[in-house]
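Accompanying notes for the structure given below.
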Amino acid sequence: MKDVAERAGVSTSAVSFAYNNPGRLARSTVEQIYKAAEELGYVRDPAARMLRTRTTRNMGLLLPQPIDDIFANPYYAELIAGIGQVCTREGMFLLLIPPLKGSLAESVPVSVVDGFLVVGIERDRSEIRAIQRQQMPFVVIDGDPLAEVPAVGLDEVEATGEVTRHLLDLGHRDIQVLAFESGQDAGPSGWHGTLLRRYEGVRDAIEDRGLTSDVRLRVTELPCTREAGSQWVRRIWESGDRPSAFLCFSDVIALGALDALNEHGVDVPGEVSVTGFDDISEARWARPSLTTVRQSIRTKGRLAADRLVDAIAANRSPDEAFTLPEHQTIHGSLVVRDSSGPAQSHRHVDD
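According to the working numbering, the stretch in the sequence shown is residues 157 to 507, in order.
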């Protein structure tokens, strides 16, 4: 800075203002300083700037899976697109933070960010405790909302209840739920957050229709990938113990299910129905097109990032009056396409 000041014929304070608060200087002075810096090859040290300002301009997205798995799921592309809208507006960067050695709690202390977006807290709260130890603001997306923390999520019970009632009304009484894995290997009894609420929506819909004793409900956890969906459905179909419908908690899993059924020449929905969740772009182009639950994933990302920007600002001004964090709920809608139809037994009765 001293070299730039000498070359430009100004004080070192003027150089500092040119980079950090250029409005305090005449435009001609700022341009003079920038020209001198360019001639000298001067580049600000970002680490030094972070130490001085105590800000990084980084927003951290804590991811529940490794990055290669995340980018195999179009859901996250939409979520990141929504977050990115806010980052562009605020002049911030987005840091993707996967588990370190299988643990998000290990990732938190080494992440250089101003705050975190936490996706799907389903297991324990070790990552939350790690964030709180760092005294970092954070926002929960699709997880267990905490009273003192902003949160944005879908009404999961309502959404899965709607798609379940759709299958029940089509006569399906043997339903295989394909859920993305929780990491607990304990089934519904060990679920929390998103998984538990989606399962509650399924169970409540069956109870509301008075069919608890009539419906055979099977539940399987598997990785949230298309390949996993294909492998599991292939295994189930080849076993001979076949359901009348696959109710998938993710479009990615449902698309894998359709892959396996198409390989076996199975008539969908003539022999079995398949439903998904999210309404990613591929859902409408699948063969057959996928019945699913539509949620505005991009809007969810944008709303969560907006909340985090507010939380970061509040964290820098701790003396301001405390306001209760906002818990924002969005609603999904059932999109009926070609992959769901009457159960075979139900079709025979109607005929």
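Positions of the beta carbon are idealized from the N, C-alpha and C atoms, including for glycine.
Pick helix, strand or coil for Leu352, following the three-state DSSP scheme. helix
Outcome for His420 when other beta-carbon atoms lying within 10 angstroms are tallied against a minimum of 16: exposed
Kindly give me the distance between the Cβ atoms of Gln500 and Ser429, rounded to whole angstroms, as I take these residues to be in contact under 8 Å. Gln500 to Ser429, Cβ: 10 Å. No contact.
Ser437 by DSSP, collapsed to three states: which one? helix
Whether or not the stretch 320-340 and the stretch 242-256 are in contact is what I'm after, with contact meaning three or more pairs of Cβ atoms, one per stretch, closer than 8 Å; do they touch? The stretch 242-256 vs the stretch 320-340: no contact.
When you compare only the Cα positions, how much space is there between Thr447 and Thr320? Their Cα atoms are separated by approximately 11 Å.
For the candidate residues Gln484, Val333, Leu235 and Leu219, whose alpha-carbon lies nearest to that of Glu356? Val333
Where do the ends of the alpha helix (DSSP H) carrying Gln387 lie? Arg382 to Ser395
For Ala477, I'd like the list of residues in its chain whose CB is within less than 6 Å of its CB, leaving aside the five on either flank, ordered along the chain. Interpretation of Ala477 is limited by its pLDDT of 47, a score under 50 that renders its predicted location unreliable; no figure is taken from the coordinates.
Which full runs of the alpha helix (DSSP H) of 4+ residues lie inside the stretch 298-365, going along the chain? 312-325 and 349-364
Consult DSSP for Glu377 and reduce its assignment to one of helix, strand or coil. strand
Please determine, among Val491, Leu252, Val375 and Pro306, the residue with the shortest C-alpha to C-alpha distance to Ser452. Selected option, being the one with the closest Cα: Val491.
According to the Cβ coordinates, are Ile526 and Val274 closer than 8 Å? Residue 526 lies beyond the residue range present for the chain, which begins at 157 and ends at 507; the question has no answer from this structure.
What whole-angstrom Cβ distance do Pro344 and Val375 have, given they're in contact under 8 Å? Between Val375 and Pro344 the Cβ distance is about 6 Å, and since that is below 8 Å, they are a contact.
Between the CA atoms of Thr485 and Ala315 - distance to the nearest angstrom: Each residue's alpha carbon lies about 12 Å from the other.
On the three-state DSSP scale, how would you describe Val171? Secondary structure at Val171: helix, using DSSP grouped into helix, strand and coil.
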